[in-house]
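Below is one structure, written out as structure tokens, with a few remarks after it.
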Amino acid sequence: MYVCVCNAVTEDDVRGCLASGACSTAKDVKEACGMKPGCGSCTKRLYGLVSEYKTASELADAMTGGPLPLEVVTPAPADPWTVQTGRSGPERDTGKQTAA
1166 MYVCVCNAVT EDDVRGCLAS GACSTAKDVK EACGMKPGCG SCTKRLYGLV
1216 SEYKTASELA DAMTGGPLPL EVVTPAPADP WTVQTGRSGP ERDTGKQTAA
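Going left to right, the sequence shown walks through residues 1166 to 1265 as the working numbering numbers them.
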């Protein structure tokens, strides 16, 4: 989702900037993402994302006993040629009984 429509900055851009350690404040994020002054409607959402990141980071520190950087996780692209059915091979039960 877009945080700043005027500058085409997404939530992923902001979270990536915070996770990389390059930014720690909303001002840092604005500078790193190249956000120029516009309508101003992004300010509240940007400060909210920075606050969420800091809260999550502090919680991780409290749970693990030390600072751990949060990482942006990108899902691996699905292989369009692989079909996962949950069953495979000859051991599959077809419901038919065979004479022994």
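Glycine included, C-beta positions come from ideal geometry on N, C-alpha and C.
{"Item": "Residue 1200 classed as buried or exposed, judged by whether at least 16 other C-beta atoms fall within 10 angstroms", "Value": "buried"}
{"Item": "Alpha helix (DSSP H) segment containing residue 1179, residue limits", "Value": "1176 to 1185"}
{"Item": "Where residue 1238 falls, given that 16 or more other Cβ within 10 Å makes a residue buried", "Value": "exposed"}
{"Item": "Simplified DSSP state of residue 1168, which is helix, strand or coil", "Value": "strand"}
{"Item": "At least 3 beta-carbon pairs within less than 8 Å: the stretch 1185 to 1193 vs the stretch 1167 to 1176", "Value": "no"}
{"Item": "Supposed contact pair residue 1191 and residue 1215 - C-beta distance, whole angstroms, cut 8 Å", "Value": "5 Å"}
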